[in-house]
Amino acid sequence: MMPLPDGRPFLIADVFTERPFGGNQLAVLPDAEGLSDAQLRGLAREFDFSETVFVLPPEDPAHSARLRILTPEEELPFAGHPTVGAAAVLVGEGLLDPAATGGRLLFEEGVGVVGVEVSGSFARLTLDAPYRSTPQAPPSRAAVAAALSLPEGAVVDHWYGGIGLGFHYVRLTDAGAVDRARLDASAWAAGLAGGWTEDLYVCAGGLADGGRVHARCLLPSLGTEDPATGSAAAGLVAGLVARPGHAPASAEGEVRLTVDQGVAMGRPGVIEASARWRAGRLSEVSVGGHTVLTARGTIAPGPAR
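Heads up, the sequence shown is in our numbering, so the first residue is 901 and it goes up one at a time.
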């Protein structure tokens, strides 16, 4: 057998799905202590998933763990499917116990402490990060439609916003328009590139309490599509409460959405998202879904520099 220097265990899971090979892929390294930044970046590139989670001891012993979330290109302060998926697999493997931290996991992430409740394969994160917005005006509807290879009439509304991560949300007339959207690289470069964010979350459906939404997440700068994007769903539901001009009529309440994503990619996922408000202001956002473990193994972390 060939040697595997400093081999570290890893888990691979599909998040926001109840069946293997649906939803969004995730690699979790449950013991990343002692690895250098260069090794973390190398491992994230080696797995080449949209995100890889590295689990470290918490800085505050009252918390469950510290998570570092890396894409093959950069580190993120927060992401939904890595947080949900890591919670489900770490509890499922017996590596973390929510009972030790008051019945839910407490993860230290770049946006602060994120609480996650786990019940079997279902995990739901809750955070009170503020809604992100910008005074920068988004491009015209015509520019957005051209970038998506759609007629201008297919674009109902679009805006910048987000929780933790920012997205350019585009609401289309129906699910068929969402599935027909095709990124036109030239039109995108001419009309949308260089905006507050370049990541597009294209959706249609019931943007109201109890609504069902059909969505896709297009990442033009990377030339890829994300199959199930928890942070984007969080920003979508939060925008029903926190977007300028969308203040709720009542002093407090909650709105829920169910988001179907990844269908056209052959990796269907379902994201449950909700937002609560108190005193007329956004107070917390939750995102949840199922996770399926698909593989486990050991990997060499590579050079430390």
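Don't be surprised by glycine CBs; every beta carbon is placed ideally from N, CA and C.
Check: Validate contact between the region 1011-1026 and the region 1160-1169 using beta carbons, cut 8 Å, 3 pairs; Outcome: no
Check: Nonlocal neighbours in the same chain, by C-beta distance under 7 Å from A1151, ignoring five residues either side; Outcome: A1179, G1180
Check: Per DSSP, the bridge partner or partners of Q1161; Outcome: A1115, G1169
Check: Sheet register partners of A965 (DSSP bridge); Outcome: F1007
Check: Buried/exposed call for A1134, threshold 16 Cβ in 10 Å; Outcome: buried
Check: Cβ-Cβ distance between E993 and T971 below 8 Å; Outcome: no
Check: Where F910 falls: helix, strand or coil (DSSP); Outcome: strand
Check: Candidates G1062, T1191, T1129, of which the one nearest E918 by Cα; Outcome: T1191
Check: C1103 and A1115 closer than 8 Å at C-beta; Outcome: yes
Check: Counted within 10 angstroms of its Cβ, other Cβ atoms place L1072 as buried (16 or more) or exposed; Outcome: buried
Check: Rounded Cβ spacing between A913 and L1193 (contact assumed at less than 8 Å); Outcome: 5 Å
Check: Cβ pair count under 8 Å reaching 3, the region 1106-1123 against the region 956-968; Outcome: no
Check: Residues that F1022 bridges to, as DSSP identifies them; Outcome: S1019, H1190
Check: Residue from A1085, D1084, W1096 with nearest C-alpha to S1062; Outcome: Rather than Ser, the amino acid found at residue 1062 in this sequence is Gly. G1062 has its Cα closest to that of W1096, out of A1085, D1084, W1096.
Check: Beta bridge counterpart(s) of D1028 as assigned by DSSP; Outcome: In the DSSP output, where bridge partners are listed per residue, D1028 has none listed.
Check: Reduced DSSP category for L990 - H, G, I as helix; E, B as strand; rest coil; Outcome: helix
Check: Beta-carbon contacts of L1065 that lie in its chain and below 6 Å, excluding the five residues immediately before and after; Outcome: S1131
Check: E1017 versus G1105: straight-line alpha-carbon distance, rounded; Outcome: 28 Å
Check: Distance, A1128 Cα to G1139 Cα; Outcome: 18 Å
Check: F916 beta carbon less than 8 Å from that of I1171; Outcome: yes
Check: Beta strand (DSSP E) segment containing D937, residue limits; Outcome: No beta strand (DSSP E) contains D937, which is instead part of the alpha helix (DSSP H) from 937-947.
Check: Runs of beta strand (DSSP E) lying entirely within the region 1089-1133, each at least 3 residues, in chain order; Outcome: 1100-1105, 1111-1119, 1124-1126
Check: Helix, strand or coil at E1052 according to DSSP, with G and I counted as helix; Outcome: helix
Check: Contact under 8 Å by Cβ, P1201 with Q939; Outcome: yes
Check: Rounded C-alpha distance that separates Y1069 from V1044; Outcome: 10 Å
Check: Per-residue burial, A1085 [other beta carbons within 10 Å of its own, 16 or more giving buried]; Outcome: exposed
Check: G1139 in three-state terms, based on DSSP; Outcome: helix
Check: CA-to-CA distance, P1038 to W1059, given in whole angstroms; Outcome: 6 Å
Check: As assigned by DSSP and simplified to three states, the class of R1080; Outcome: helix
Check: Contact set for L995: own chain, Cβ-Cβ below 7 Å, skip 5 residues either direction; Outcome: P930
Check: Within 8 Å, strictly: CB atoms of P957 and R966; Outcome: yes
Check: CB contact flag (V991, P998, <8 Å); Outcome: yes
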